[in-house]
Amino acid sequence: KTYLIETNYYNSGGSKLNETARSYSDVAPKINQYKDYEFVWITDGQGWLSAKNKLEEAYNIIPSMYNLSTLENFIIKIKEESITEF
Numbered sequence: 301k302t303y304l305i306e307t308n309y310y311n312s313g314g315s316k317l318n319e320t321a322r323s324y325s326d327v328a329p330k331i332n333q334y335k336d337y338e339f340v341w342i343t344d345g346q347g348w349l350s351a352k353n354k355l356e357e358a359y360n361i362i363p364s365m366y367n368l369s370t371l372e373n374f375i376i377k378i379k380e381e382s383i384t385e386f
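Adding 300 to a residue's 1-based position in the sequence shown gives its number in the working numbering.
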């Protein structure tokens with residue numbers, strides 16, 4: 301499987317966060333429709349405190365969305381997938 305990974309960190313809020321969440325919510329399903337590809341979004345930062353609703357909306361659309369606290373779950377997922385492939 302090929303992972304297309306987007307990473308970002310926001311120290312402050314603003315309209316950029318809403319647009320980012322909307323954009324990735326649109327692109328993720330388009331990528332994920334292909335069996336061998338998966339969109340992964342790793343994001344974090346205090347900026348999201350002012351855009352919680354948009355972040356939650358994106359979380360409900362993007363299956364592989366992580367922050368710095370949950371990133372280890374992605375690593376575990378990759379390891380488990382690589383084991384089952386052999």
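A virtual CB, placed ideally from N, CA and C, is assigned to each residue, including glycine.
Integer Cβ distance of residue i from residue j, believed to fall under 8 Å
{"i": "T302", "j": "Y324", "result": "Rounded, the Cβ-Cβ distance is 17 Å, inconsistent with contact."}
{"i": "T343", "j": "N308", "result": "5 Å"}
{"i": "G241", "j": "S369", "result": "Residue 241 falls outside the range modelled here, since the chain spans only 301 to 386, and no answer is possible."}
{"i": "G241", "j": "N373", "result": "Outside the shown range of the chain (301 to 386) lies residue 241, about which nothing can therefore be said."}
Secondary structure of residue i, DSSP reduced to three states
{"i": "L304", "result": "strand"}
{"i": "Y324", "result": "helix"}
C-beta atoms of residue i and residue j nearer than 7 Å
{"i": "I362", "j": "A328", "result": "yes"}
{"i": "S315", "j": "V340", "result": "no"}
{"i": "L371", "j": "I331", "result": "no"}
Buried versus exposed, by CB contacts within 10 Å (16 or more), residue i
{"i": "Y366", "result": "buried"}
- Item | Residue ranges of each alpha helix (DSSP H) within the stretch 329-361, 4 or longer | DSSP runs (the alpha helix (DSSP H)) wholly in the stretch 329-361: 352-361.
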